[in-house]
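Below you'll find the structure, written out as structure tokens, and then a few comments.
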Amino acid sequence: MRFLVLGLARSGQAAALALRRRGKEVIGVDASAELDTGRLAESGVELNLGTEEERLLDGVETLIKSPGVPAEAPLVAAARSRGIPVWSEVELGARLLANPILGVTGTNGKTTTSELLGVMLGAPVAGNVGRALCDLDGEVEPEQLVVCEVSSFQLEDVHEFRPRLAVLLNVEPDHLDRHGTLEAYRDAKLRIFENQGEGDTAVLPRGFGAVPGKGVRIEFDGGDPLPAEPRIPGAHNRENAAAATAAARALGVDDTHIAEALETFSGVAHRLEPVAEVRGVLYVNDSKATNTAAARRAIAAYGAPLHVILGGRGKGESYSELALDLVGRARRAYLIGEATSDLAVALELAGVDHESSGDLETAVRSAARNAKAGEIVLLAPACASYDQFRDFEERGDAFRRLAQELAA
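According to the numbering used here, the sequence shown is numbered sequentially starting from 7.
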């Protein structure tokens, strides 16, 4: 078979390399001409950088689409018009691996829950979490359970992807700039269940409603009794812990082992990550709060007065409820990036003190001047990072560095 891999970032490169290991003919395409594609070239991938010409589809039997590539991209639309199947990287990975897969999706909490499940189960974690599913090809024993975090972008293009156990954490407004409506976004999330059979398991928030597939339904709630209280803070993380506990129990993990994981798991980078303490002020990196629901959960996790850094590239959401959550909690908000004007309007209406900082460094230094001992400087942007950073990780790394420079 001749494959075309569209988008050559992390998951695209993993897909192309996995196909080449099997001797498949692979065309690699990316609109950027600046990528490091040395490994792809060495493996024999035919590279086409800085172009997305339709002629590249000639003789192609399947197109593998990276999650960052929208469904309306010209090459994707052309492939569909020719009847060429379009797969996500997780669809390819699930076909290449013989392993049973535990899938985790939801608007917020996916990475934390996936990594916590990895600890509970002693299982590798891949997918949207950072390590592509295709990267596990040839690296894990066939019977090894794999935890796979999946985003709505990845679930758009699944066909046979069938997690033996699938977890849905929540569905809240996000990526409306990409999906168009909350209904379309929700439908993409629910595709995690659509290929499940009667021997599979679906783990859902209590009272969520009907989902596709035929899996046995297990429900969870943030107030459920747990074998131990989670080390990571926040009511939202207790919900994540309850979901992970329900999934682990369904797979036969005993409560003693679950309790040990809950008590020792310290969380992951960019999710309520304490990065520095300077003159009694705690600096917390929640750069992964890329939507208003995630930012509101971060704000609710703390009782101390907050200095909150907000902004970036908006996703078509209203900031009104976020602004109301800051009333009485935030000493001041510091606004950065493209969403500054929209955030300022919402904060003004709610009566929340704020300033337009422009960029992250200015915001951190201004917050440092204003914050007093016992208060918290919280990066919880409620926006994507693409206006000023490559991704939320680069933004979080920059915040960590700036906070630690203050400590030094």
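Using N, Cα and C, we set each Cβ at its ideal position, and we do this for glycine too. As the structure is a computational prediction, the values presented were derived from the model and not from experiment.
Between the segment 170-180 and the segment 211-224, the count of Cβ pairs shorter than 8 Å is three or higher; the stretches touch. Secondary structure of C154 (DSSP, three-state): strand. Closest in C-alpha terms to D359, from the list V370, A374 and Y340, comes Y340. In the DSSP annotation of this structure, the continuous segment of the beta strand (DSSP E) that includes I382 starts and ends at I382 to L385. Note that the C-beta distance between T118 and N246 is below 8 Å. N246 has no beta-bridge partner at all, per DSSP. The three-state secondary structure of N176, taken from DSSP, is coil. Residue environment for E269: exposed (fewer than 16 other C-beta atoms within 10 angstroms of its C-beta).
At a Cβ-Cβ threshold of 8 Å, L63 and L12 do not count as neighbours. Secondary structure of V333 (DSSP, three-state): coil. Below 8 Å, too few C-beta pairs join the segment 16-28 and the segment 77-88 to call them touching: fewer than three.
Boundaries of the beta strand (DSSP E) harbouring A208: T207 to P211, taken from the DSSP string. Between A234 and the set L46, T251, T296 and E225, the nearest pair of CA atoms involves T251.
Within the same chain, Cβ atoms closer than 7 Å to the Cβ of L25 are found at F9 and V32, the five residues on either side in sequence being excluded. About 5 Å separates the beta carbons of G124 and V153, which is inside the 8 Å limit, making them a contact pair.
Unbroken alpha helix (DSSP H) stretches of 4 residues or longer found wholly inside the segment 253-340: 261-270, 298-306 and 326-332, given in chain order.
In this structure E400 is not in contact with V274, their Cβ atoms being roughly 16 Å apart against a cut-off of 8 Å. Taking a cut-off of 8 Å on C-beta distances, the segment 124-134 touches the segment 143-153, as three or more cross pairs fall below it. Counting C-beta pairs with one atom in each stretch, the segment 207-218 and the segment 183-191 have fewer than three that are closer than 8 Å, which means they do not touch. Residue pairing for F9: DSSP places it in a beta bridge opposite V32 and T68.
Beyond the five residues adjoining it in sequence on each side, N134 comes within less than 7 Å, by CB distance, of K116, E155, V156, S157 and Q160 in the same chain, given in chain order.
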